[in-house]
Structures are given as C-alpha cells and as structure tokens.
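This report refers to the structure that appears directly beneath it.
In our numbering, the protein residues as written are 1 to 142.
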C-alpha cells in the first residue's frame, strides 16, 4: 500500500486524537452521509456527472469512516490517517487498501482535474458501495 503515514505517526503528529465517543455526533454524521448518498444516487452517471458522483460517493464513505473513528474514540484530521485507522484499529488491510485507492482517485479528480471513463466511474462507485456496506455493518456492531 502506498500511503505515507502509519497510525502511530498520525497520533504523534496530532492528525488523530483520542476523544470520548459522541453518539449525538455519530448520529448527525450518519444523517448527513445518508443525505449525500441519496443525492449522489439521484445523479445519472454520464460524461458530465461521472467525476462528481465518484467524489460524492467517496465523501459519503469518508463521513461514515469519521463516524466509525468517533465510535472507536478517535477524531481523525487527515484522509490518509483513515487508511492507517483501518489497518491498525479495524485491522482490515484489504479495506484500507481499497479506501486508499479511492482516496487517491478522488484527489486526482478534485485537485488535478483527472477525467475518468464512465466504466471507471461505475467501477469506482461499485467499490465505494461495497465499502459503504462494510462500514455500515461495522457501525452497527458492538
């Protein structure tokens, strides 16, 4: 995996801080993520919208991961540290690798103007939906 910072580094640089789990904040984040996901699914995937839908779906996943981190007692301030969180705390290297790949694609779209094919957009959205299901299950578990 090609991310630059491990979990200990995230904590040392204060990019991930221990907090008290806040159920109200988790609920609010989940509501926001649900609205964003509903909006993303309203959009057709075409030449005009494909990158926007990919970015929106990534944002939904990142929001759910924020809620998961809060549930586990952490506030994370850096998207790369979600990858480290998935590896170190959730202990799911495959999930971490898939999330990091989506993170890099979203960054390429948002910050460098990368254009992708409709097929690549659909593939990315499908991968994101799989990770959303996994994250929602983790949020429901004890």
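Positions of the beta carbon are idealized from the N, C-alpha and C atoms, including for glycine. Keep in mind that this is a model prediction, so the values were computed, not measured.
Review point. Any idea if residue 1 is buried or exposed, counting beta-carbon neighbours within 10 angstroms, 16 or more meaning buried?
Key: Per-residue confidence for residue 1 stands at a pLDDT of 43, beneath the threshold of 50, marking its modelled position as unreliable; no derived number is given.
Exercise for review: Give me whichever residues DSSP pairs with residue 16 in a beta bridge.
Suggested key: Beta-bridge pairing links residue 16 to 76.
Practice item. In the DSSP assignment, find the unbroken alpha helix (DSSP H) run with residue 113 in it and report its ends. Key: For residue 113, there is no enclosing alpha helix (DSSP H), as DSSP marks it with neither H nor E.
Point to revise | Coarse secondary structure for residue 142, derived from DSSP in three states | key: Three-state DSSP puts residue 142 in coil, outside helix and strand.
Review point. Nearest to residue 106 by CA position, among 24, 31, 55 and 19, is which residue?
Key: By alpha-carbon distance to residue 106, the top candidate from 24, 31, 55 and 19 is 55.
Check your understanding: Do you know offhand how far residue 97's Cα is from residue 83's?
Key -> Going by the C-alpha atoms only, they are around 7 Å apart.
Point to revise | Inter-residue CB distance, residue 14 and residue 76 (contact presumed, cutoff 8 Å) | key: About 11 Å separates the two Cβ atoms, so there is no contact after all.
Practice item. Kindly give me the distance between the Cβ atoms of residue 143 and residue 116, rounded to whole angstroms, as I take these residues to be in contact under 8 Å. Key: Residue 143 falls outside the range modelled here, since the chain spans only 1 to 142, and no answer is possible.
Point to revise | Cβ neighbour criterion (16 or more within 10 Å) applied to residue 134 | key: Residue environment for residue 134: buried (at least 16 other C-beta atoms within 10 angstroms of its C-beta).
Review point. Tell me which same chain residues have a C-beta within less than 8 Å of the C-beta of residue 32, skipping the five on either side of it?
Key: The residues 63, in chain order, have a CB closer than 8 Å to that of residue 32 in the same chain once the five nearest residues on each side in sequence are set aside.
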